[in-house]
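For the working numbering, add 4 to where a residue sits in the sequence shown, where the first one is 1.
Every residue, glycine too, gets a C-beta built ideally from N, C-alpha and C.
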Amino acid sequence: MAGMIDAVSATVPATPPLRPQLAAGQLLYVVDVAATTASGALVMELMTRDRKANGDWGKPEPARVTAAGVASLPDPAEREILQRLSGGRSQFEWGYNGYGPDLCRVELRGVLVTDVVPRACATGRCMVRVRTPARPPVVSETPILRRAQDERRVEGPSNVPSLSPVAWDDGAPWTFAIGVYHVPDESPGGYAIEGWLRRDNERMELSDALLLHDGVLFTKTHAAVLNHGGAFTWLKALQRTGRVTVPAEARDELVDALLPLGPLLAALPDDLRVETVAGQPRPHLRLRPAPFRSDRLIAEVAFEYDGTLVAPESPRPIVRAAGAPRAIRRDADAERRAVDVLFERGIRSEWNHQTGQPALQLPSTLLPRIARQLLGDGWHVEAAGRIYRRPAALPTLHVASGIDWFELYGDVAYDDQHASLPALLAALDRGESFVTLGDGTIGLLPEEWLRKHAPIARLGTRDGTQIRFKASQVALLDSLIAAQPDASWDETFTRARAELQTFDGIRPVDPSATFAGTLRGYQREGLGWLLFLQRFGFGGCLADDMGLGKTVMVLALLAGRRDAQPDAGRRPSLVVAPRSVVFNWRQEAARFTPGLRVVEYTGSGRTEIRTQFRDHDLVLTTYGTLRRDAAHLAATPFDYVVLDEAQAIKNAATVSAKATRLLDARHRLALSGTPIENHLGELWSLFEFLNPGLLSTAHAFERAGAGRHMDDDAIAMLARGLRPFMLRRTKDQVARELPARTEQTLYCDLERPQRALYDELLGHYRRTLLGESPANGLGRAKLQILEALLRLRQAACHPGLIDKRRSHEASAKLDMLVPRIAEAVAEEHKALVFSQFTSLLAILRARLDEAHVPYEYLDGRTRDRESKVERFQCDPSCRLFLISLKAGGLGLNLTAAEYVFLLDPWWNPAVEAQAIDRAHRIGQTRQVFAYRLIARDTVEERVLELQRQKRGLADAILNADSRLLRDLRREDLELLLS
């Protein structure tokens, strides 16, 4: 008990100190019944009385107790009581009425009542003073108890002296009991409610008690512990009235009022009994605009139990709907957890200036997110009077066939409401996260489903409640519905899917007899795939790794095509390739398909060749010629149009890309080991050439997400839809007989003069770029950034690239490269040296010339490429080939080389891979060693880091992607300039 008192004491406010004065005589502890009834606290007065001459006690007077008097009392129990009431009061929960006549009038509350009263009774001088109190009204939210106001008043015990001594009853506590009975005589069908106190087999009427207080009761002779079971209001009401009568029509009110009393009910008619079960609340959140704050919503919380709403602050522990046969016990812990969730999700208690009270508030921008989260947790959410609904897990999809199209019907269920798939996509286009349903309620978009499927769905054309797909888009539509367990479709679409699935059963095909060579197994499979495309009239992209013989497979196809077609009506085929690759086509055609009549349509004398197209089977031209002669070539009907190194048309807005789309061809093919170099948007340009309309319009494809970071699941679905039109094999998969390729990064440290130049440039660009670029983006600084990165990369290669006057100076990279070249040449190996900077190759050439080292050289201005490649491949004395990365990084067959040196890193790792694959390709019989030369602690190291960070997007479609410059952020720039 002392521990409990000490715990309570910390919350008691400081009060003015009593001044105890103890006169001679007897000290009394007087409980004032009337004052206690009026105040709600147990009021105890300290009084004294003196013995008269005749031996009787005189009239009690207010005590005048001093601290010195308390300390001098011989009885330690007496000192303990007075110290608790006076000197020790700062440790207890108690009240004090002031000075003057009421100097020793104390209010006792809580545990102090049951601590002091037994001690006072033990002295034999605890008294009860009875005066007629002014009975306060019954204050209760329970309508049944308010009826007690009108009931008769029951008088208390009679013949009670004005000052009665009481002893402490240390038996078991008296407990409150309630009985409810039918009273047909007084109120037909009505009920009477009575109360009493019980202890074991004893019973005490409430009217027999002089005072019933929270925790203690007083009779004329005793005080005892009282346990009212949390129903003190009922106890006081029934003590005042004796009983409360309730008419039959108020039965539901009575049932609700009795529900919390549970264990106190000693008697209850069967027709008032209801089952009480534990309840699980469904939280409700209602939101309304905050006055004068357009960016805030006022939040109100309630909890639903079996259809009944209850506010969190309601004292009712049990709830029941009117007339319901059972009641629900509230789960306070669950309610508390629900409120905690609101605060975790972003709701805050903020001051409401309109009401002058704190209120739960939510930033308006968080509404979609918090509504989705709460609905997912089972909440009821309502904003501005409109209920929010959660979508069904999956939409219902159906495919119906038209003349040359397919229509996709889809809708999502929101309980008894529905939203069509086009309506959901329209909301998504507007940047919204919800859709308005037919009954005015709000349906949250099925974001998870749309995240995966919207990119494909957007490639169709919306028409009312359906989305129309072209017949050529059947594979995309199939990928969309493949993972939908409840999707349905008609017979026509079933046949289209079955035909499409024959792609999975493609078998290897042998080339025609006129093909002068042998195809490897994977090449025969590739030929089978090309014939599959031919059969269905699809265009396709052969995206095999560089060096796997894509040219040979196409030549085998064209040879078979020529053999199968009669001369009459035969069309020539057209190959468009980079200039550096045209001669390779001529060589390969002469070697493998000598029966094909090949003509090269390039150069200044090409005008006369136009009239000879029909006399040839294969026309070879360049992208540059196509741009210049687009109108003439578009006027010629071709059998096949083949784009080699098709990444050349990755930008749909270029003249080259537009010119290819104008060409007239029965069949279209694209060859590229890296059809996606920078972003998925490049796919649109490629497929608009191959299968016009397959990926809808450029705007639709951009909106579908290709221009941004498309979701991995959406990429997988797009890959599935494009799978019949793209064939991709890697060397590891199909050319295991190729010798190994070893790649190694060689780091070199800049010498002091070169380091000083580099650091000077670095400091300059850090000040000018990072000092001025806004924190949220680089905006207009892109051109300056590109210039800075170019200059820093040049400085890392050679000082002469910054200042031509310093071309004679040393360079860490050339100092590392030249000895390795010399060693390779001395050991009779051949090597390729690639650089983006022709100026760096020029400095290297000067050093090689001084050392009398023979070499070949190729850049964008080189004309006679074929002879240079031929010399390197066949001349034992020419063991070194210096090549501009951009001009010679693709299309060249340089299998005579065993060593490849990359003098400077490029943003796109695919470009570097292309360069290495000039040597590591079909026909190579020796191991290839590739070396990247990197200047340590320069921007080149940072480029490698960004390459590692940015790899991976297009692997899901093909194999490689790098969007380094396009998606450059400030943090990337800080890394590069670190």
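Asked	Found
Mind reading off the beta-carbon distance from residue 563 to residue 641? Whole number of angstroms is fine, and I expect it under 8 Å.	At roughly 20 Å, the Cβ-Cβ gap does not stay under 8 Å, so residue 563 and residue 641 are not in contact.
I'd like the list of long-range same chain contacts for residue 279, defined as Cβ closer than 8 Å, with 5 residues on each side in sequence excluded.	329, 330, 331
Which same chain residues end up closer than 7 Å to residue 461 when comparing Cβ atoms and leaving out the 5 residues on each side of it in sequence?	425, 429, 471, 484
Is it the case that the Cβ atoms of residue 735 and residue 549 are separated by a distance below 8 Å?	yes
Quick check: what's the CA-CA separation for residue 402 versus residue 605?	50 Å
Answer with yes or no whether the minimum CB distance from residue 577 to chain D is below 8 Å.	In the structure shown, chain D cannot be found, because there is only a single protein chain.
With DSSP collapsed to three states, give me the class of residue 433.	helix
According to DSSP, is residue 549 helix, strand or coil?	coil
Classify residue 281: buried if its beta carbon has 16 or more other beta carbons within 10 angstroms, exposed otherwise.	exposed
Kindly indicate which three-state DSSP category residue 205 falls into: helix, strand or coil?	coil
Within 10 Å of its beta-carbon, does residue 888 have 16 or more other beta-carbons around it, so buried, or fewer, so exposed?	buried
Mind listing, in chain order, the continuous beta strand (DSSP E) runs of no fewer than 3 residues lying wholly within the segment 650 to 696?	668 to 675
May I have a chain-ordered list of the alpha helix (DSSP H) segments no shorter than 4 residues that lie completely inside the segment 222 to 251?	236 to 245
With 16 as the cutoff for other CB atoms within 10 Å, does residue 999 come out buried or exposed?	Residue 999 cannot be examined here, being either before or after the span of the chain that is shown, 5 to 982.
Which ranges does the alpha helix (DSSP H) cover as unbroken runs of at least 4 residues, wholly within the segment 872 to 899, from first to last along the chain?	889 to 892
Beta-carbon separation of residue 679 and residue 650 under 8 Å?	yes
Find out if the Cβ-Cβ distance for the pair residue 618, residue 576 is shorter than 8 Å.	yes
Quick check: residue 1006 and residue 207, are their CB atoms within less than 8 Å of each other?	The structure shown does not extend to residue 1006, since the chain is modelled only from 5 through 982, so no value can be given for it.
Helix, strand or coil: which one does DSSP assign to residue 273?	coil
Compare the Cα-Cα distances from residue 319 to each of 263, 519, 903, 803 and report the closest residue.	263
Using three-state DSSP, classify residue 40 as helix, strand or coil.	helix
Is residue 125 buried or exposed, if buried means 16 or more other CB atoms sit within 10 Å of its CB?	buried
Leaving out the 5 sequence neighbours to the left and right, which residues in its chain are closer than 6 Å to residue 494 when beta-carbon positions are compared?	404, 405
What are the residues that DSSP puts in a beta bridge with residue 48?	35, 110
Put residue 812 into one of helix, strand or coil per three-state DSSP.	coil
In terms of DSSP beta bridges, what is residue 648 paired with?	675
Should residue 198 and residue 277 be called a contact, given that it needs their Cβ atoms to be closer than 8 Å?	no
Please classify residue 498 as buried or exposed, where buried requires at least 16 other C-beta atoms within 10 Å of its C-beta.	exposed
Taking contact to mean at least 3 C-beta pairs separated by less than 8 Å, is the segment 723 to 733 in contact with the segment 914 to 924?	no
Please say whether residue 252 and residue 175 have beta carbons closer to each other than 8 Å?	no
What does a CB cutoff of less than 7 Å around residue 666 pick up in its chain, not counting 5 residues either side in sequence?	634, 638
Looking at C-alpha atoms only, which residue of 898, 891, 378 is the closest neighbour of residue 582?	891
For residue 837, I'd like the list of residues in its chain whose CB is within less than 6 Å of its CB, leaving aside the five on either flank, ordered along the chain.	886, 905
Since residue 110 and residue 195 should fall inside the 8 Å C-beta cutoff, what is the C-beta to C-beta distance between them, to a whole number of angstroms?	Rounded, the Cβ-Cβ distance is 42 Å, inconsistent with contact.
Could you check the C-alpha separation between residue 130 and residue 67 for me, to the nearest Å?	14 Å
Okay, do the segment 858 to 869 and the segment 918 to 938 touch, 3+ Cβ pairs below 8 Å being the bar?	no
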